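Okay, structure first, notes after.
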Amino acid sequence: MRDSQDSPLTTHHWQPTAGRYTGGMNILAFDTCLGACSVAVGLDAGSALEKVEALYEEMATGQAERLMPMIDTAMRTAGIGFADLNRIAVTIGPGTFTGTRIGIAAARAFALATATSVIGISTLQLMAEEAGHAVNSSRRGRALAVTVDAHRGQVYAQVFAAGGSPESPPQLLTIEQAAVLAAERELIFVGSGAAIVATAATEAGYTAEAALPHLQPNAAFLLFAAQKCEPQEGPLKPLYLRPADAKPQAGKSLARARA
Amino acid sequence: MTGAAPATPQPARPASVVLGIETSCDETAAAVVARDAAGKGRILSNIVRSQWEEHRAFGGVVPEIAARAHAECLDEIVSAAMSGAGVLFEDLDAVAATAGPGLNSGLIVGLITGKAIALAHGKPLIAVNHLEAHALTVGLTSELAPPYLLLLVSGGHTQLLLVHGVGRYERLGTTIDDALGEAFDKTAKLLGLGFPGGPAVEAAARNGDPARFPFPRPMAGRAELHFSFAGLKTAVRVRAQALQPLTDQDIADVCASFQAAVAGSVADRIARAMSVAVERLPAGTPRHLVVAGGVAANQALRTALQDLTDSKGFTLHVPPVALCGDNAAMIAWAGAERLALGLTDPLDFSVRPRWPLDASAAPAIGAGVKA
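Note that the protein sequences, when read in sequence, are chains A and B.
Residue numbers for the first sequence follow the numbering used here, so the first one is 1 and each next one is one higher.
Residue numbers for the second sequence follow the numbering used here, so the first one is 1001 and each next one is one higher.
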C-alpha cells in the first residue's frame, strides 16, 4: 500500500508490497456486496515475483453485469485459466441482499465448475483489514469499528482490535446501539455509517471519531485474507444479518362447516 | 413481429448438449438436454426443487425468500443434473439460464451461476426468455415444428401467441388482470384449499357439480383476444361468502363451477384465435394448437380444449405434465434451439424481469408484466 492517507480505496492496479504475498497459490477473489465491484487474481509460482491483477469499480448496482467481464479480463491479463486456480475467495456479506447473493452464487458456481475450494470472508472483516492499512499512522494502534449504512436507521457493525482480530460479532444495530460500542474504548468508526454513528457516540459522551467514509470492500485485500484461512467445510453461506421482509398472511379463507 | 414469415429451409444444425438453469420464480431447476443434428431433442436429466414449503405460510411467493432459497441450493441442483446426465462441464456446448421474465432477485442467482460456469469452461452463454422456453417445449418431446398457435397459461402469464419460428412470436392476446394460475391460487386461498392452488382446486372439483353456479365466462364474445379473470374471481368470492359456512360439497361445486367458467372463457378466446391463426399463417399450414405452462396440467381445461380442437379441425398438443410447470429442461432446449441458430449472449447480459416475447405487441391495459 502506498503511504497511508485517509483516502477512499480506489486502487485500480494495485501491487502488493514485495514479500507480502507468499502463499504459493493462484487465487481468484471478488466482491459484489456493497458499493463496488472488484476482482483480484493473485499468482504465485513460489518466486519473489508474485503478480496481482486487481480491478475495482465503484457502483451502487450493476455488479451482476460487470462481475464476469471483470473476472474474464483479470484472468486473461494474469495469463492463467480457471484450471490453474487453487482457491476462490469471496465476500459473504453483510451487504445488499442481491449483491451478497451475486458473489456467493458466482463463487459456488466456480467452485462446482472447477472443483476449487472456496474461502468466504465477511465484508466487515475485509474492510477492517483495508482500514488498518489506510488510516493515518497517528491513528494506528487503536481499535476500529466498521460500520456500514444498512438504511432504515441501522448499520452493520463490528469492532476490531488494532491487529485486526474481531472483538464483537458482526451485527445489525440501530445508530444508538452502534454508538454504545464506543462506551468501553476509544473507537475509530470507519465506513459509510461512520459519520452518523461517531456523532451519536460523541453526543452520548464517548470518545470516538469517524474516518474513511468511502471505504468499500476491495478484492485485492481478499487475496491476503484468503491465504491465511483454511477453506470452510460445507457450502458457502451468505451472512445477511437481516431477515427477509415477509409477513405470514392472515387467513382470508371463508368459514367451513364442521364435518 | 409483423405478419407471417414463409417457412425457410433450415440451415445445417450441429448436435449439441446444453445445461439449462431456471430460477425465475419458486422452482430451483437444472437440466441437461441433447439435441441431435436433425433437431431432435433428448432429456438427459431434469431436476426440479420446488419451494412450496418455504412460501406456504405467506400464501404466495415472497421474492426475497425465493432468492435466498435459490442461492442456497442451485449449485447442488446443477451438480445433480450434471451427474444425472453423465456429462462433464467440458462436454457441454453451451450453458443456458433463464434471464426473464420473472422475479429479479431470483433471476440474478440463476443467470450469474450460468455465466460463471460458461466463463470457467469457455462455453457460450444463452440468456433464455422463460416464455420462449415454454413456447418451444413441444419440440423437445415431439416432432412438431412451428408455425403453431400457442396458449401459454401459468401462474404468471396467460397469453395467446402465433409461434412462427425460434425467436419469432406474434402475440394475439394476453390477460388484462390476473394470470389464470393466479386465479386458481386466489380461489384456493379463498376456500382454504392451500397453495399452490391449481392442483388443489382441481382435486376439490372432482366431486363437484360444474353446473351448480353459473359463473360468468369473462370476455366471452369479445373481438379482442385478451383474457380477464378478476371479475370471475369476484363472482366466486361473492357466491362462496353467501354460502358460509361451506360444506365439502359446496367447495367441490364452487371449484367445479369455477373450472367450467375458466374452460368456457378460454375456449371462447381460443376459438377466435384459431380464426386469426388460419388467416395469418400461410395457406395450407397444418392447424396445431399447443398448450404450455403449469395450468396446461389442468384436466378440465384439457378436456375443453380437446373438444374445441376436434370441432375446429386443429390438433391439440400438450407437453408431458412434468414439462408444463417450470423446469430447466425447457430452458436447456430453448438454449439448444437458439445455439443452433448461432444466437448466444454476452457475459454482461442483464436480467429482464419484464421481457415480452413479442416486443411489437401493443401493451394491454392492466396487463403489466404479464404482457
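Beta carbons: idealized from backbone N, C-alpha and C, even for Gly.
In this text, all values refer to a predicted model and were calculated from it rather than measured experimentally.
{"query": "Considering Cα atoms alone, identify which of Val-1018(B), Arg-1239(B), Ala-1267(B), Leu-1193(B) is closest to Asp-1091(B).", "result": "Val-1018(B)"}
{"query": "Quick check on Gly-1114(B): buried or exposed, where buried means 16 or more other Cβ atoms within 10 Å of its Cβ?", "result": "buried"}
{"query": "Going straight from the alpha carbon of Ala-45(A) to that of Glu-53(A), what length do you get?", "result": "Caution applies to Ala-45(A), whose pLDDT of 44 falls short of 50 and renders its modelled position unreliable; the value that the coordinates give is listed next. Each residue's alpha carbon lies about 15 Å from the other."}
{"query": "Flag Ala-106(A) as yes if its beta-carbon sits less than 8 Å from any beta-carbon of chain B, otherwise no.", "result": "yes"}
{"query": "Where do the N-terminal and C-terminal ends of the alpha helix (DSSP H) with Ser-1105(B) fall, by residue?", "result": "1104-1121"}
{"query": "Taking only the alpha-carbon atoms, compute the straight-line gap between Ala-1205(B) and Ser-1265(B) and give it to the nearest angstrom.", "result": "17 Å"}
{"query": "Identify, in the order they occur along the chain, each residue of the same chain with its Cβ nearer than 6 Å to the Cβ of Ile-1043(B), setting aside the five sequence neighbours on each side.", "result": "Val-1033, Ala-1329"}
{"query": "How about Thr-1137(B) and His-1070(B): do their beta carbons lie closer than 8 Å?", "result": "no"}
{"query": "Buried or exposed for Trp-1052(B), going by 16 or more other Cβ atoms inside 10 Å?", "result": "exposed"}
{"query": "Pairs of beta-carbons, one from the region 238-246 of chain A and one from the region 1054-1068 of chain B, closer than 8 Å: are there three or more?", "result": "yes"}
{"query": "Please check if any C-beta of chain B sits within less than 8 Å of the C-beta of Gly-35(A).", "result": "no"}
{"query": "Around the Cβ of Asp-1358(B), are there at least 16 other Cβ atoms within 10 angstroms (buried) or fewer (exposed)?", "result": "buried"}
{"query": "Thinking Ala-1340(B) and Ala-1133(B) are a contact (beta carbons under 8 Å), I'd like their distance in whole angstroms, please.", "result": "Wrong, their Cβ atoms sit about 15 Å apart, outside the cutoff."}
{"query": "Under 8 Å between beta-carbons, which chain B residues line up against Asp-31(A)? List them in chain order, please.", "result": "Residues of chain B passing the Cβ test: none, with the nearest at roughly 14 Å."}
{"query": "Identify which residue in Val-1062(B), Glu-1054(B), Phe-1058(B), Glu-1027(B) has its Cα closest to the Cα of Asn-1046(B).", "result": "Glu-1027(B)"}
{"query": "Please tell me whether Arg-1287(B) and Gly-1313(B) are closer than 8 Å, where the distance is taken between their beta carbons.", "result": "yes"}
{"query": "Quick check: the region 1115-1134 of chain B against the region 101-110 of chain A, are there 3 or more CB pairs under 8 Å?", "result": "yes"}
{"query": "Does any C-beta atom of chain B lie closer than 8 Å to the C-beta of Asp-149(A)?", "result": "no"}
{"query": "Compute the Euclidean distance between the alpha carbons of Ala-1057(B) and Lys-1233(B), then round it to the nearest angstrom.", "result": "22 Å"}
{"query": "Name, please, each residue of chain A whose Cβ falls closer than 9 Å to the Cβ of Ser-1350(B).", "result": "Gly-62, Ala-64, Glu-65"}
{"query": "With DSSP as the reference, identify every bridge partner of His-1317(B), one or two as the case may be.", "result": "Val-1290(B)"}
{"query": "Report buried or exposed for Ser-1083(B), applying the criterion of at least 16 other Cβ atoms within 10 angstroms of its Cβ.", "result": "exposed"}
{"query": "Kindly indicate which three-state DSSP category Trp-1355(B) falls into: helix, strand or coil?", "result": "coil"}
{"query": "Whether or not the region 204-211 of chain A and the region 53-65 of chain A are in contact is what I'm after, with contact meaning three or more pairs of Cβ atoms, one per stretch, closer than 8 Å; do they touch?", "result": "no"}
{"query": "Between Arg-1049(B) and chain A, is there a C-beta pair that is closer than 8 Å?", "result": "no"}
{"query": "Can the beta-carbon of Leu-1225(B) be found closer than 8 Å to that of Leu-1162(B)?", "result": "no"}
{"query": "Taking DSSP as the reference, what is the three-state secondary structure of Ser-1050(B)?", "result": "strand"}
{"query": "Mind checking whether His-1157(B) and Gly-1293(B) have CB atoms under 8 Å apart?", "result": "yes"}
{"query": "Taking C-alpha atoms, which residue in Gly-164(A), Glu-176(A), Leu-212(A), Ile-188(A) lies nearest to Gln-125(A)?", "result": "Gly-164(A)"}
{"query": "Given that Thr-1098(B) touches chain C, what residues does it touch there, using C-beta distances under 7 Å?", "result": "The structure shown contains no chain C; its protein chains are A and B."}
{"query": "Could you tell me which residues DSSP puts in a beta bridge with Asn-1373(B)?", "result": "The question about residue 1373(B) has no answer, for chain B in this structure spans 1001 to 1371."}
{"query": "Could you work out which residues of chain A lie near Gly-1192(B), taking near to mean beta carbons separated by less than 8 Å?", "result": "Gly-251, Ser-253, Leu-254, Arg-256"}
{"query": "Could you tell me which uninterrupted beta strand (DSSP E) segments, each at least 3 residues in length, are contained entirely in the region 1039-1085 of chain B, listed from first to last along the chain?", "result": "1041-1050"}
{"query": "Cβ atoms of Ser-168(A) and Val-159(A): under 8 Å apart, would you say?", "result": "yes"}
{"query": "Counting along the chain, where does the beta strand (DSSP E) carrying Ser-341(A) start and finish?", "result": "There is no way to answer for residue 341(A), as the model of chain A reaches only from 1 to 259."}
{"query": "For Lys-51(A), report the span of its beta strand (DSSP E) as first-last.", "result": "51-58"}
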